[in-house]
Structure formats: C-alpha cells, structure tokens
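**Student:**
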Amino acid sequence: MCGLTGFMAPHGSAGPDRLTETVGRMAEAIRHRGPDDAGVWIEPEVGLALGHRRLSIIDLSPEGHQPMISAGGRYVIAYNGEVYSFTDMRRDLEGLGRRFRGRSDTEVILAALEEWGLEAAVARFVGMFAIALWDRKERRLHLVRDRLGIKPLYYGWMNGVFLFGSELKALRAHPAWNGQVDRDVLALFLRHNYIPSPYSIYRGVYTLMPGTILTVSPEETAPASFSPLVEGGDSAALRPQAFWSAKEVAEAGVRRPFPGSDQEAADKVEELLLEAVRCRMIADVPLGAFLSGGIDSSTIVALMTAAGSGPVKTFTIGFPEEIFNEAHHAQAVARHLGTDHTEMYVTGRQALEVIPKLPVLFDEPFSDSSQIPTYLVAELTRRHVTVSLSGDGGDEIFAGYTRYFDAPRLWSYGSWLPVPLKPVAARTLTSIPPPTWTRLFKLLGPLLPEALRHRDPGDTIHKVAEILGAESPRQIYRRLTSHFKRPAEIVIGAVEPPTAFTDEARQAQVSDFLRWMMYLDLISYHPDDILVKVDRASMAVALEARVPMIDHRVVEFAATLPSRVMVRNGEGKWILRRILSKYVPPELWDRPKTGFGVPLGQWLRGPLKEWAEELLSESRLRRDGYFHPEPILTKWKEHLSLKRDWHYYLWDVLVFQAWLDAQRP
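Under this note's numbering, the residues of the sequence shown are numbered 341 to 1005, in order.
1. Name the two residues that bound the continuous beta strand (DSSP E) containing Thr-362.
2. According to DSSP, is Phe-659 helix, strand or coil?
3. Going by Cα to Cα distance, which pick from Gln-815, Thr-742, Thr-345, Glu-719 is closest to Gln-406?
4. DSSP puts Arg-480 in a beta bridge; with which residues?
5. So Val-594 packs on Pro-580, CB below 8 Å; how close in whole Å?
6. Distance cutoff 7 Å, beta carbons only. Does Pro-763 sit that close to anything in chain C?
7. Suppose the cutoff is 7 Å on Cβ atoms and the five residues either side in sequence are ignored; what does the same chain contact list for Arg-596 look like?
8. If Tyr-534 sits next to Asp-708, beta carbons under 8 Å apart, how far is it from one beta carbon to the other, in whole angstroms?
9. Trp-976: which of Asp-964, Lys-913, Ala-834, Gln-942 sits nearest, CA to CA?
10. To the nearest angstrom, how far is it from the Cα of Glu-588 to the Cα of Ala-739?
11. On the DSSP bridge list, what partners appear for Gln-815?
12. When you compare only the Cα positions, how much space is there between Leu-318 and Ala-451?
13. For Ser-401 and Leu-692, I'd like the C-alpha separation in whole angstroms.
14. Let me know if Ala-606 comes out buried or exposed under the rule of 16 or more other beta-carbons within 10 Å of its beta-carbon.
15. Compute the beta-carbon to beta-carbon distance between Leu-488 and Arg-893, rounded to the nearest angstrom, for a pair I have assumed lies under 8 Å.
16. Nearest-angstrom Cα distance between Gly-965 and His-668?
17. Cα separation between Asp-574 and Ser-771?
18. Using the C-alpha atoms, what's the distance from Pro-699 back to Gly-519?
19. CB-CB under 6 Å to Gly-572, same chain, minus the five flanking residues each way: which ones, in chain order?
20. Could you check how far apart the C-beta atoms of Asp-930 and Pro-492 are, in whole angstroms? I think they sit under 8 Å.
21. I need the straight-line Cα distance from Ala-576 to Arg-814, nearest angstrom please.
22. Taking the Cβ atom as the reference point for each residue, do His-681 and Ala-674 lie within a distance shorter than 7 Å?
23. At the level of alpha carbons, what is the spacing between Leu-944 and Val-938?
24. In the DSSP output, which residue or residues are listed as bridge partners for Ile-382?
25. Going by DSSP, what residue range makes up the beta strand (DSSP E) through Trp-456?
26. Are the Cβ atoms of Glu-736 and Asp-861 separated by less than 7 Å?
27. Using the beta-carbon count (16 or more within 10 Å), is Leu-994 buried or exposed?
28. Would you kindly check if the distance between the Cβ of Arg-904 and the Cβ of Gly-820 is under 7 Å?
29. According to DSSP, which residues form a beta bridge with Phe-967?
30. Looking only at C-alpha atoms, which of Ile-712, Gly-688, Ser-864 sits nearest to Pro-538?
31. Any contact of the region 417-427 with the region 637-657, i.e. 3+ C-beta pairs under 8 Å?
32. Which residues in the same chain as Gly-678 place their Cβ atom closer than 8 Å to its Cβ, once the five residues preceding and following it in sequence are excluded?
33. Look up Pro-888 in the DSSP assignment and say whether it is helix, strand or coil.
34. Considering Cα atoms alone, identify which of Asp-602, Ser-649, Trp-474, Pro-705 is closest to Arg-908.
Written as structure tokens, this is what we have:
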C-alpha cells in the first residue's frame, strides 16, 4: 500500500534535474500514504517522471523499492496496492525459469508483465492495485486500476502536461496545475454526497474507472478527442479499455445461474471468502481487523480466526450517545471469538476535532459523515497494527441496504393512487410539519405495526411525499439515493452530466429490480463513496485497509446466486447470516442495520453552529458565486428551528465550502 504519482510533459520541455525535482515534490504531497521510503524515476527523452511513496508491508527490505525496473529492463512501475496472488504467480514464473532477488509482489508483477504481457498478466492479479507502467520498448504509459476500484488513480491534462496520481494533491503540486471547479460535477456532488466516477471536482481531471487500462503515448498528450468512459463517446477518442466488467459479470450471472442448493451456495461462498481472507492475512507487519459487531465485519473476523494461528487483533470505537454506539455489540462478538480486542470511546469533542482535517484528508468534496468515525477507528487501529481487514462490500454483494426493500415497498404504497392524485397526497402529507407527525406517531406507537415505527417518523413521511410522484421503482431508487433532488437549481450555471444512474449504456441488462439496484451500488456508491472513505481515512494515518468481501472471485460467484439466498423473510444477506451463524450465535449480531454515524444534526444546532453560520452566510455564498443562497438558507433556518432535519443536505454544502476555503492560497 503506497502512493504513486507522475507526469509526462511535452517532448524536451524539462531537463533531468527539473523532472526529478518536480516529481519529487508531487510525491512528497502524498507522503502520508507511504512514510517508509520514497523514489523517483525519469525518462528525459519523453519528459516522463514517476514518483512513489512506500508503505512497507511485504518484503520490508530495499528490494521492494519503487519505482522498480523489470529484470529485462523493458518496464518501469510505480504501484499502489497488494496483489495477493503473487505467490502463485511467482511459483509459475519460477517454473518458467524466472529468478527473483527479493520477496515483494512488485517484482513478481514486473516478471509477469514481461512473461505474459499486460492484459494476460493483469487478468491473473487478485487484489487491489493502481499501477503506472512505462513500457520503454513501445514508449507507452499504461495506467491500470483494479476491478472494483479499491485503489484510487486520478489523471488529466493541464497546459499540455499529462498528470496522474493516487490523490489530487499530488497533481496540484505540479507547476502546470490550473484546476478549475467543475460546476456540473458540483451538482452531482450535491445529489450524491460523493463525486461519481469518472469525474473529479476539477474540470478535465478524472478518476480512472475500475477494471480499466488507459494507455498514453508522448505524442498523445493533450489529445483533441478524449472520453473518460469505457463505453460511448467518439469512437476515435482516446479512452480507457476494460479488462474486467462488472456489467458483464452481472449479465453473465443472470444467464448462467448457480444450479446448486441453498446450502451448496452457502458452502461455496464460505470457501471463497475464507480464501479471500487467508490471502489478505499475508503481511510482514502487524495485522488486525475493524470490528463493528455487525454481520459483515463479524464474518470477516470469524473467518480470520478460523484461518489464523492466534487471536486476531480487533478494533472498534464507541460513542456516548447510545443511538450511535455499537461498541458493546463488537465487544460481545470479540469475546465469543477470543480476539485481542481494543475499543475506544470517542467524545463529541474528539469527533469535532476531525472536521477541520476533512478537506485535506479527502482532497475533494466528500460528505458521507461516517468519514468522521472511519478516520477515528483507523487512527486507533494504526497505533497497534499496520494492516487491517474490513467488512466493506457485504451490503452491495449480498443485498444488505434497507433501500433494497424500501424502494419496492414505497412503489407498492403509491402505485394504487391515480397519477392526478399523487401531487395532492404529497401536498397533504407535507402540510403537517415533521415534529407534529413525530408527536402523533409517539402517541400511537404501541398501536402501530413494527414496519411503521421509525426513529424520526415525521421526517420519513416528508421523504415519502417527495417520491410519491415517481413513475417507476427505478425512479424511487434514484430519489432514495439522492440528497438534493434538483441540484442544478442550487448550483449556479450547472447541468448534471451523465452518470451510471442516468446513462443506460452503463447499466446492466438485468430484469430483477433487486439485482439492478445492487449492480448500480457496486459500480457507483461502493467505489465512489465507501471505498474512497476507507482509502482516504486509512491512508491518512498510513494504515493499509484490505477488503476481502469484494475479492472479484466472490463478486463473480455472488452474481450467479438466486435472490432467495440473498433475501429471505424481508431481510437481506441471508447467505452471510447462514455462514456467520456457524461461528457466532445470532443473538450477538442479529439486529436491525445501523449506519456508522455521528449526531451531525445535533452538532449543527450546537457546537458546529457558529462554524456553519460563517460558511453559510448569504454574503459568503454570494461572494463565492457557486450557489443560489435562498434554498440553502431556507433549509438552514428550518433545521435550526427543528422544523425539518436537513443535516444531510447542509453537510454537503458545508463540506464544499470548507474544501473551497482549504484551496485558497
């Protein structure tokens, strides 16, 4: 796990000293990703420079230093991540006569590239990786990103210079940088609370899409035609090429479903997960796991216990507010599995101290508020280990999100209403303020069925009213996954660009609505929100986070499973529940799903109020010129008066405003 960066300047535009100094400065900007070692490599003839920061995990010796040149001299690599299949590949390569000087996976990757070529070698990689590879023979630079988008890789052209790196701050360190906020992408951010790939907050700078290879030659810097998408666009445009496609995996799973019994399916998933966990426990440094006490993290820790030779080190944080606290659940699971458990209760003050760090940690606007506890648990974990396994991915792969059940249910609630009456019903529901609805529900609580008992029923009713006008279940899902429903009306001069949600060419052709939602989350919310959050929070403290649940072999098999092994009795993740119950009694983990949250709504009315007031002042909003102030200030006033809970929406705007402040000279 490391950080990489580099650039390719116009031919002859800089001498060796300038190339070395510039790329060294870019690499220094991401020092936190790799505090153990640094290296640069240049090719002055084409203006190419590669920079690397190393977090030593496997083969801690200088033999793992990067950028690394292949034994035959053809390839030079700067690489971030772990390829867990390197031991098998090494054995095969040694059988072909290859010899190795060290034990790193980087050296094996280079030998595989020389032996089998780029596409064939990458097809054998199991793991998480972002790679910058210079082919000295063909004079081509290849950027490669892993199948599920676990490791980040940004790129773009600035003033004729091709820039790339693990984080945007590396690109900003180049003298050619002239980044301008993309207002259209800002609108997407307000909708999703993250920036969907392949976009970044800067115009003309992109994230490399998962499972793709982008090839650039010195002659192609600053091309006249370019598409960041794999599909669509000008056929003559330079664009990434897919070596693995989640869309093809989803569609193939429907065509060739798993023919076995439910128990056989559970046995196979357990076998695949156990192998995914085993290979991710290989490290030359201390290793542990995040443990929340929920199904996903408990499953990973249980399998680590089964695969290991001693107690697993587990880590969790707790909060004094009981509604947000899961530490006692984690402790119960840890006690049952016999882990070496560490927990830390976080005060509100400690959590609030993270907020000023967010613009630097996340590098571009990112407003999933679980970023705060994620950073805190990563910081705690790094005090004890250098590698930590995480349970992320179980919801997308095995149907765990409540929206998978809410969307069909909400569609059925409203489908009986004639279309002309839907706006009338919506106005009627919203005519009663949320606090009044909440008081009414509390009075009727004992008489209501369980499905109608909510933490904040008034706010839920208003949200239901917002989606009454949806014309299809897919529209309901779209609205459930949106914060601002019409963000282009908030951002001045914005038009939302296409995303996986709106571009049918990127959507898998699967008729099952559940599968369709899971697929969209897998290619959007998961890589662009969940994995961004885990990567930035962990790498900010030089902690390597590994995610066995989304081993591509698990993903490919899960795509073939029938819905009945995902969802049963109105609950998701049936197959994981079945596996976990072999290791941990259900009473320790079988409870309603909760998020990894903080009391953000309360904070905005309390300790964060003054900070928010300054960022949301009308004069400030007008001076910056990105937002129409009126709708934002209306939400702020309603939030302060307890009329509505708008903290999700307000946090989006506040995060952007704070990020904007951090970019000022």
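We put the beta carbon where it would ideally sit given N, CA and C, even for glycine.
**Tutor:** According to the structure data:
1. No beta strand (DSSP E) contains Thr-362, which is instead part of the alpha helix (DSSP H) from 356-368.
2. coil
3. Per the Cα distances, Thr-345.
4. Asp-475
5. So it is not a contact: roughly 25 Å between Cβ atoms.
6. The question asks about chain C, but that chain is absent: this structure has only one protein chain.
7. Thr-900
8. About 6 Å separates the two Cβ atoms, so the contact holds.
9. Looking at the Cα atoms, Gln-942 is the closest of the given residues.
10. The straight-line gap from Cα to Cα measures roughly 19 Å.
11. For Gln-815, which the question treats as bridged, DSSP gives no partner whatsoever.
12. It is not possible to answer for residue 318, since the shown part of the chain is limited to 341 through 1005.
13. 39 Å
14. buried
15. Their Cβ separation, rounded to whole angstroms, is 11 Å, which puts Leu-488 and Arg-893 out of contact at 8 Å.
16. 46 Å
17. Its pLDDT being 47, under 50, Asp-574 is placed unreliably by the model, and the measurement read from it follows with that caveat. About 49 Å.
18. 16 Å
19. Note on Gly-572: pLDDT 47, under 50, position unreliable in the model; the coordinate value appears next. So the list reads Ala-845, once near-sequence residues are dropped.
20. About 35 Å; that fails the 8 Å criterion.
21. Confidence at Ala-576 is low in this model, with a pLDDT of 46, below 50, so the placement of that residue is unreliable and no value is reported for it.
22. yes
23. 11 Å
24. Ala-389
25. Trp-456 -> not in any beta strand (DSSP E); alpha helix (DSSP H) instead, spanning 445-456.
26. yes
27. buried
28. Checking the sequence, you will find Leu at residue 820 rather than Gly. No, these two residues do not count as a Cβ contact at 7 Å.
29. Val-831
30. Ser-864
31. no
32. Thr-645, Pro-651
33. helix
34. Asp-602
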